[in-house]
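Peer 1: Here's a structure for you.
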Amino acid sequence: EAGVVQSPRYKIIEKKQPVAFWCNPISGHNTLYWYLQNLGQGPELLIRYENEEAVDDSQLPKDRFSAERLKGVDSTLKIQPAELGDSAVYLCASSLETHNEQFFGPGTRLTVL
Amino acid sequence: SQQGEEDPQALSIQEGENATMNCSYKTSINNLQWYRQNSGRGLVHLILIRSNEREKHSGRLRVTLDTSKKSSSLLITASRAADTASYFCATFNSGGSNYKLTFGKGTLLTVNP
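Taken in order, these protein sequences are the chains called A and B.
Letter by letter, the first sequence follows residues 355 to 467 in our numbering.
Letter by letter, the second sequence follows residues 303 to 415 in our numbering.
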């Protein structure tokens, strides 16, 4: 069974530039999550999707962050414009149902210069 | 905000020894999950224990949950060098419409060969 796929694995950009991350969840998983992980910290939820609906985006900085999950499968997380403080690892995860174990992708390590 | 707090922050042991990590949390939970993260395999789910369970085993892993003390422990028996990783506890809350998995900062375990 293929796991959660994320791309790119690494991204280096200059501040004020836009950046986008892509995630393909495990087939059949209706719930998709985007997390942000800073060095030495645990992941923090940015947004949760149930199928194509964003049911919890309370932690998403909406002035610069946006996300979409078209057709309830793949998802894209965008930052525009990026700031220095956005440097972190962005993790995508999926689960069969919200209360189940979550399966994480390898993450995208973003460096903003 | 992070609800779970792991203790200790770092742990170094010899191969073959047992490792115990603790997690404390603040609010009531539906379940508590332990995850492992290393550079090779990313963030991986280890075990889930529900709020009405007190102990659970999986291979060399033993997890206990004390809801009266709002604490959990993860025991890894007969540790191996490959167990070197960061271990995170994550609490799942379903208060109102807020279905959310909240991670702690993790315990960095080093198993010396």
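Cβ atoms here follow ideal geometry from the backbone N, Cα and C, with glycine treated the same way.
If I measure Cβ to Cβ from Y403/A and keep anything under 6 Å in the same chain, skipping five residues before and after, which residues do I get?
Peer 2: L386, R423
Peer 1: Please report whether the beta-carbon of T452/A lies at a distance below 7 Å from any beta-carbon of chain B.
Peer 2: Residue-level contact by beta carbon holds for T452/A and chain B, with a gap shorter than 7 Å.
Peer 1: Can you tell me the Cβ-Cβ gap for N395/B and Q316/B, rounded? I've got them flagged as a contact below 8 Å.
Peer 2: That belief does not hold up - the Cβ atoms of N395/B and Q316/B are roughly 37 Å apart, past 8 Å.
Peer 1: Going by Cα to Cα distance, which pick from Q456/A, L393/A, A447/A, P397/A is closest to T430/A?
Peer 2: Nearest neighbour of T430/A by Cα position, chosen from Q456/A, L393/A, A447/A, P397/A, turns out to be A447/A.
Peer 1: Report the residue from C377/A, K369/A, A436/A whose alpha carbon sits nearest the alpha carbon of G459/A.
Peer 2: C377/A
Peer 1: Mind reading off the beta-carbon distance from G306/B to T369/B? Whole number of angstroms is fine, and I expect it under 8 Å.
Peer 2: About 14 Å; that fails the 8 Å criterion.
Peer 1: Comparing the C-beta of E368/A with each C-beta of chain B, is any distance below 7 Å?
Peer 2: no
Peer 1: Please list, in chain order, the chain B residues whose beta carbon lies closer than 8 Å to that of F457/A.
Peer 2: H347
Peer 1: Could you check whether the stretch 401 to 417 of chain A touches the stretch 335 to 346 of chain B, counting it as contact only if at least three pairs of C-beta atoms, one from each stretch, sit closer than 8 Å?
Peer 2: no
Peer 1: For the stretch 380 to 406 of chain B, list every residue whose C-beta sits within 8 Å of some C-beta in chain A, in sequence order.
Peer 2: F390, A392, F394, S396, S399, N400, Y401, K402, L403, T404, F405, G406
Peer 1: So is P397/A buried or exposed if we call it buried at 16+ other beta carbons inside 10 Å?
Peer 2: buried
Peer 1: Compare the C-alpha of R364/B against each of A392/B, L411/B, S314/B, N320/B and name the closest.
Peer 2: N320/B
Peer 1: Taking just the CA atoms, how far does Y401/B sit from E451/A?
Peer 2: 11 Å
Peer 1: Which chain A residues are close to Q335/B, counting only those with a beta carbon under 9 Å from its beta carbon?
Peer 2: Scanning chain A for C-beta atoms nearer than 9 Å to the C-beta of Q335/B yields E455, Q456, reported in chain order.
Peer 1: Measure the alpha-carbon distance for G318/B versus F419/A and round it to whole angstroms.
Peer 2: 46 Å
Peer 1: If we cut at 7 Å on Cβ distances, does Q395/A have a partner in chain B?
Peer 2: yes
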